[in-house]
Structures are given as C-alpha cells and as structure tokens.
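**Student:**
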Amino acid sequence: MTDTSTTDATVLDPAPAWVRSAGRVATTGPQAVDTPETAAARQAATDTLHRFAWAFDEHDRESLTACFTEDAVWTATIGGHRDLGTSKGRETVLGWLTAGWPGQTDQRRHIVTNAVVDDLDPANSATVTAMILVTAAENGTFRAVTAGVYRARMRRERDGAWRVARFDASFDAPF
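Each position in the sequence shown, counted from 1, maps to that position plus 69 in the working numbering.
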C-alpha cells in the first residue's frame with residue numbers, strides 16, 4: 070500500500086477558488102428576471118463591462134473614460150496575495166489603466182465571459198461579475214496573458230447610462 074499523505078506544505082498559487090475565499094466575489098444562485106425593466110438593466114450593466122474591455126484593448130481613452138463614474142474606485146490583486154493598489158477618482162483610475170499603453174508592443178484582447186448580475190436595483194445600481202481571459206498577439210504569435218475575475222459595481226447615472234463606480238480586478242497570474 071502506498072502512503073499518499075504528504076507532510077510538505079505545497080503552496081498552490083493561486084489556490085483554487087481564491088477569489089471567493091478572499092471575499093472579492095460572492096456567488097449566488099439564479100436570479101429572477103421578472104420585468105422587462107429588470108432584464109434591460111441587467112443587459113445595460115453588463116454592456117458597460119464589455120465596452121470597458123473594448124475601450125481598453127483599443128486604447129480608446131474617451132470611451133474608457135465614459136465607462137466610469139467621476140468618483141470611481143479601482144482595486145487590483147494578483148492571486149489574492151499581491152496587491153496592485155487602489156485608485157480613487159476617474160482620472161486616477163484612468164491614469165493607472167493607461168500607464169502601460171505607450172510601451173505596449175502587443176495587441177491585447179479581453180475576453181469577458183460568464184457575466185452575472187447581482188444586487189440589482191434597475192433604477193440605480195447593479196453588480197456585474199465576470200470571468201476574463203486576456204490574450205495578446207505580437208509578431209505572428211498568440212499567447213494567454215492572464216485570467217481572472219472582474220467585479221464591477223455599476224451605478225445608473227442621471228443620463229441613464231450605467232457606469233462603473235467600483236471595479237475589483239482579481240488576476241490569477243502576473244501579466
């Protein structure tokens with residue numbers, strides 16, 4: 070009989086389900102969509118997250134700016150143990166997000182998938198949580214850059230547009 074126990078402290082990086090364990094997401098069961106207004110609000114809030122990805126990848130600062138509230142907050146971590154900091158205020162958030170654009174040599178693509186909407190108040194707010202895969206193409210090669218989870222707390226503004234009030238980016242690996 071083989072002993073399958075181990076005494077060495079194997080460190081998993083990242084650990085399975087680390088985003089939930091770190092309190093950066095809260096998974097829930099299915100949510101009722103009981104009115105056309107609720108369905109429209111879910112779609113509009115999710116659409117803003119997709120527009121963020123397009124604007125970021127295409128270096129479209131104007132569209133990226135439009136995705137955030139004036140008082141937006143951005144947090145980011147890698148694996149739950151490497152804090153990339155917190156940015157407060159739309160201009161500071163945009164500064165953090167766009168700082169690498171001038172030196173970037175590859176074409177990044179955010180693949181945003183498995184988006185779910187929770188904490189929905191169709192007239193005011195929602196939380197959109199999605200899995201992401203970031204890829205890059207350069208000189209004829211394609212590679213995965215990182216994966217992770219985005220959690221965006223959205224606020225419906227006076228103009229009717231849904232914008233990100235708080236964005237928590239949880240990356241599985243450095244990029």
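The beta carbon of each residue, even a glycine, is placed where N, CA and C say it ideally should be.
Bear in mind that the values here come from a model prediction, so they are computed numbers and not experimental data.
Could you give the DSSP three-state label for R130: helix, strand or coil?
**Tutor:** Locating residue 130 in the sequence shown gives position 61, counting from the first residue. Three-state result, R130: helix.
**Student:** Over what stretch of residues does the alpha helix (DSSP H) that includes L81 continue unbroken?
**Tutor:** By one-based count along the sequence shown, residue 81 stands at place 12. That residue, L81, is in no alpha helix (DSSP H); it is neither H nor E in DSSP.
**Student:** If you reduce the DSSP assignment to three classes, tell me which class R178 lands in.
**Tutor:** As a first step, residue 178 is located in the sequence shown; it is residue number 109 there, counting from the start. If DSSP states are grouped into helix, strand and coil, R178 belongs with the strands.
**Student:** What is the DSSP secondary structure of R232, counted as helix, strand or coil?
**Tutor:** Looking up residue 232 in the sequence shown gives position 163. Three-state DSSP puts R232 in a strand.
**Student:** With H, G and I counted as helix, E and B as strand and the rest as coil, what does DSSP make of T146?
**Tutor:** Here the question's residue 146 lines up with position 77 in the sequence shown. Residue state, collapsed to three classes: strand.
**Student:** Could you tell me which residues DSSP pairs with R225 in its beta bridges?
**Tutor:** Stepping through the sequence shown from its first residue, residue 225 is reached at position 156. Beta-bridge pairing links R225 to W231.
**Student:** Evaluate contact between the stretch 117 to 126 and the stretch 175 to 193, counting only Cβ atoms and requiring at least three cross-stretch pairs below 8 Å.
**Tutor:** yes
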